[in-house]
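Participant: Residues 138 to 344 in our numbering are what the sequence shown lists, from first letter to last.
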Amino acid sequence: GYRVSLQGNFFGCNHTYVAFPEYSPREHIKLDPPLNIQSNITASKCQISWSVPWYLVEILQYELQYKEYSMSWEVALNKTLPNSLPQIEIEPSELRRGVAYIARVRCKVSENEDSYHSQWSEWSQTTVFQRAGEPKLSEKILNTRTMQFLVIPLSFGTLLYLFWNCKLSSRYCCFLYSGQKASHALTFLRQLLSFSHSIIFTMGILR
Numbered sequence: 138g139y140r141v142s143l144q145g146n147f148f149g150c151n152h153t154y155v156a157f158p159e160y161s162p163r164e165h166i167k168l169d170p171p172l173n174i175q176s177n178i179t180a181s182k183c184q185i186s187w188s189v190p191w192y193l194v195e196i197l198q199y200e201l202q203y204k205e206y207s208m209s210w211e212v213a214l215n216k217t218l219p220n221s222l223p224q225i226e227i228e229p230s231e232l233r234r235g236v237a238y239i240a241r242v243r244c245k246v247s248e249n250e251d252s253y254h255s256q257w258s259e260w261s262q263t264t265v266f267q268r269a270g271e272p273k274l275s276e277k278i279l280n281t282r283t284m285q286f287l288v289i290p291l292s293f294g295t296l297l298y299l300f301w302n303c304k305l306s307s308r309y310c311c312f313l314y315s316g317q318k319a320s321h322a323l324t325f326l327r328q329l330l331s332f333s334h335s336i337i338f339t340m341g342i343l344r
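1) Which class does Val236 belong to by DSSP, given the choice of helix, strand or coil?
2) Quick one: what does DSSP say Ser142 is sitting in, helix, strand or coil?
3) To test your reading of the DSSP string, which unbroken beta strand (DSSP E) runs of 3 or more residues are found completely within the segment 144-207?
4) Check this for me: beta carbons of Ile225 and Leu232, under 7 Å apart or not?
5) According to DSSP, is Glu231 helix, strand or coil?
6) Roughly how many angstroms separate the alpha carbons of Asn173 and Leu201, rounded to a whole number?
7) In three-state DSSP terms, what is Glu250?
8) To the nearest angstrom, how far is the alpha carbon of Lys245 from that of Val189?
9) Trp109: buried (16+ other C-beta within 10 angstroms of its C-beta) or exposed?
10) Let's see if you can read the secondary structure: which residues bound the beta strand (DSSP E) around Asn220?
11) To which residues does DSSP link Glu226 through a beta bridge?
12) Name the residue from Glu228, Ile227, Ser247 and Ala240 whose alpha carbon lies nearest to the alpha carbon of Ile166.
13) Terminal residues of the continuous beta strand (DSSP E) containing Val265?
14) Assuming Arg234 contacts Arg268 (C-beta within less than 8 Å), just tell me the rounded distance between them.
15) Hey, how far is the Cα of Tyr203 from the Cα of Asn146?
16) Please report the distance separating the alpha-carbon of Ala237 from that of Lys216.
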């Protein structure tokens, strides 16, 4: 170790002040912050990574801090990494859809390391990321038009099918029960009206 003392002239007299009688530099380290912080977000995970000198990788620990972009760092969330890997994953469920987030990281010598001790470094540069939000308006319009192109032909096909069946049924009933012809026609009209209402209701939803 070293002895650290301060010497000065006060009121015409020289004085020596011992600041640290036993100073060990390896126990008072402040590292540079991590570099090249990056974010990679997908539907299943959000990964934040960074880099440090290769000879320090195995003895460091990290603390990640992230928040919504518009919020203050005072309300940011902190995560202390359980290992020395220069990366961390954030669960998508922890992030709000369509909201931009900003993250930064700092490092220090691991508390499990006996040979060196340090304080936290300054915070790194930041990285911005965002979980995918709701589908874009153009995608919604495309999906709506696709549904319309599918529903309209199917609707008319179903109408023709009902009309043909009711027509055959009416003809068959005419031979057997001539008095029920009007009843079948009325039943067909009711079915047609009901199905038309369902089509109009469906088209209203799609719009």
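Quick reminder that beta carbons are idealized off the backbone N, C-alpha and C, glycines included.
Facilitator: The relevant details are as follows:
1) In the sequence shown, the residue the question calls residue 236 occupies position 99. Val236: coil per DSSP, three-state reduction.
2) Residue 142 sits at position 5 when you count from the first residue of the sequence shown. Ser142 carries a strand assignment under DSSP once its states are collapsed to helix, strand and coil.
3) 150-160, 172-178, 183-188 and 197-205
4) For the purposes of this step, residue 225 is identified with residue 88 of the sequence shown, where counting begins at 1. For the purposes of this step, residue 232 is identified with residue 95 of the sequence shown, where counting begins at 1. Result no, Cβ atoms of Ile225 and Leu232 do not sit closer than 7 Å.
5) As a working mapping, residue 231 is identified with position 94 in the sequence shown. DSSP places Glu231 in helix when its eight states are reduced to three.
6) Within the sequence shown, the letter at position 36 stands for residue 173. Within the sequence shown, the letter at position 64 stands for residue 201. Going by the C-alpha atoms only, they are around 14 Å apart.
7) Your numbering for residue 250 matches position 113 in the sequence shown. It is coil, neither helix nor strand.
8) On the sequence shown, position 108 is the one that residue 245 refers to. On the sequence shown, position 52 is the one that residue 189 refers to. So the two alpha carbons sit approximately 11 Å from each other.
9) Any question about residue 109 goes unanswered here, given that the chain covers just 138 to 344.
10) For the purposes of this step, residue 220 is taken as the residue at position 83 of the sequence shown. Asn220 -> no beta strand (DSSP E), and no H or E assigned at all.
11) As a first step, residue 226 must be located in the sequence shown, where it is residue number 89. When DSSP reads this structure, Glu226 sits in a beta bridge with Gln184.
12) By 1-based counting over the sequence shown, the position of residue 166 is 29. Residue nearest to Ile166 within the set Glu228, Ile227, Ser247 and Ala240 is Ser247 (criterion: CA-CA distance).
13) Along the sequence shown, read from residue 1 onward, the residue named residue 265 stands at position 128. Per DSSP, Val265 belongs to the beta strand (DSSP E) from Thr264 to Gln267.
14) Along the sequence shown, read from residue 1 onward, the residue named residue 234 stands at position 97. Along the sequence shown, read from residue 1 onward, the residue named residue 268 stands at position 131. Confirmed, Cβ separation roughly 5 Å.
15) Sequence index remark: in the sequence shown, residue 203 carries index 66 (1-based). Sequence index remark: in the sequence shown, residue 146 carries index 9 (1-based). One C-alpha to the other measures close to 49 Å.
16) Position 100 of the sequence shown, counted from the first residue, corresponds to residue 237. Position 79 of the sequence shown, counted from the first residue, corresponds to residue 216. Cα-Cα distance, rounded: 18 Å.
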